[in-house]
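Residue numbers (the numbering used here): 98 to 420.
Glycine included, every Cβ here is placed at the ideal spot set by N, Cα and C.
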Amino acid sequence: MATVSVIVPVYQAERYLSACVESILQQSFQDFEIILVDDGSPDGSGKICDEYAEKEPRIRVIHQENQGQAAARNHALTMAQGSFLCFVDSDDLIHPQMLELLYGALEKSGAPMAMCQMLERAECPEDFDRNREPQWQVFSMDENTLLTLYDREEYPGWVGCAKLIRKDIVERYPFTPGRVYEDNEAVCRWLIAAGRLAWTREALYFYRTNPDSTTQRKFSLKKLDYLWALRSIIRFYHSLGYKKLRERFCDRYAEAVYHSYWAAKDELHELAAAEQIQKDARKLFGLGGVPMTQRQFERLADILYPRLGRLYGVLSRRKGDHQ
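Quick look at the structure:
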């Protein structure tokens, strides 16, 4: 049995898939298996997966009808033999030392989860494979630490990639099928369940910024899953009593609701979607729900409570005139 299971969901990835798989096979740490999940790809990705499995015994392939990335990852999870998991997207690359350094950090620190930085570009730089030295910090996952990490712009803690994590943690908090941004919703729970995190500033994961990906395209109704993920994260931190962290995500949610509501209503003319955005936000912030700050109320008043929002705006202007 392998120590690490590397899980790669595959969909319309024939352009980059071979480079992705080769970057995994070239790891300095070799005690791993690769599970390629062909999620009903209409291109030649499934054939590429099978060709790799024929010549490399550590590669297994799952073919399934298209169900989305979350279902693909969960399917692989049920078959993974490793005690630790690493998720890699099929158009990305990993550094030759990534598994070695992440696993070494876990062994030395005793933490159940290790994470590196991500390099986000359209094309991988030529020096990406240069030798890296292990330099680690170990964090306890309390609110103050999470706030510090959250405020670092380069922190990749809200995505499933660039990590090595104990399998049983992911089994407790799997991905939600049928959603995008599903890793954002799951990873916040992984961090708390892990309790301790080994982290390096070294960028060992190359994330290809693909303008055709679900999260990179212009606004669409599928992007409303981002609001779902934020609501779930907010409720989770609220249940833990993490007030400051909850407020950070409420700020992000308020901005996302504002832009999504008007985009759905005015750009897409999807009135039902706009009403659902309004309804979900009212439910989150409603009686007995998550409290709003004044800044969040001011941002959303016109959307959540149109009449009250207009009155609030009039009173605010009058107050300003008298100052």
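(message) Just to confirm my understanding: we take Thr311, look at its own chain, exclude 5 residues before and 5 after, and list those with CB closer than 7 Å. What are they?
(response) Any reading at Thr311 must be qualified, since the residue scores a pLDDT of 49, below 50, and its modelled position is unreliable; no value is offered.
(request) Just grab the DSSP bridge partners of Gln214 for me. (result) According to DSSP, which records beta bridges pairwise, Gln214 is partnered with Ala300.
(request) Along the beta strand (DSSP E) that carries Ser102, what are the first and last residues, could you check? (result) Val101 to Val107
(message) Give me the residue from Ala259, Leu216, Phe382 and Pro209 with the minimum Cα distance to Val235.
(response) Pro209
(message) Within a Cβ cutoff of 7 Å, which residues of the same chain sit near Ser125, ignoring the five residues on either side of it in sequence?
(response) Pro193, Gln194 and Glu197
(request) Could you spell out the range, first to last residue, of the beta strand (DSSP E) harbouring Phe382? (result) Boundaries around Phe382 are those of the alpha helix (DSSP H), Leu368 to Phe382, since no beta strand (DSSP E) includes it.
(request) Note down, in chain order, each residue of its chain lying with its Cβ closer than 8 Å to the Cβ of Ser142, except the 5 sequence neighbours on either side. (result) Val107, Tyr108, Gln109, Ala110, Glu111, Leu114, Asp135 and Ser187
(request) With distances taken Cα to Cα, identify the nearest neighbour of Phe225 among Arg286, Phe181 and Tyr304. (result) Tyr304
(request) Classify Ser237 as helix, strand or coil using the three-state DSSP reduction. (result) Strand at Ser237.
(message) Which residue wins for smallest C-alpha separation from Glu372, given the options Ala290, Asp399 and Phe346?
(response) Looking at the Cα atoms, Asp399 is the closest of the given residues.
(request) Specify, as a first and last residue, the run of the alpha helix (DSSP H) that Leu199 falls within. (result) Where Leu199 is concerned, the enclosing alpha helix (DSSP H) stretches over Met195 to Ser206.
(request) Whole angstroms is fine: what's the gap from Ser336's alpha carbon to Gly385's? (result) 13 Å
(request) Would you kindly work out how many angstroms separate the C-alpha atoms of Ile156 and Ala169, rounded to a whole number? (result) 16 Å
(request) May I ask you to report which of helix, strand or coil DSSP gives Arg404? (result) helix
(request) Alpha carbon to alpha carbon, how far is Ala173 from Glu268? Give it in angstroms, no decimals. (result) 11 Å
(request) Go ahead and label Gln393 buried or exposed: buried means 16 or more other beta carbons lie within 10 angstroms of its beta carbon, across all protein chains shown. (result) buried
(request) Indicate whether Glu316 and His356 have their beta-carbon atoms separated by less than 9 Å. (result) The identity of residue 316 in the sequence shown is Phe, whereas the question assumes Glu. The answer is yes: Cβ separation under 9 Å.
(request) Using DSSP bridges, identify the partner residues of Arg157. (result) Ile132
(message) Distance check for Lys205 and Leu182, CA to CA, integer angstroms please.
(response) Spanning the two alpha carbons is a distance of roughly 18 Å.
(request) State the Cα-Cα distance for the pair Gln123 and His366, rounded to the nearest angstrom. (result) 49 Å
(message) Alpha carbons only, please: which of Lys144, Leu133, Tyr149 and Leu190 is nearest the one belonging to Thr306?
(response) Leu190
(message) I'd like the span of the alpha helix (DSSP H) that includes Leu288, first residue to last.
(response) Glu279 to Ala291
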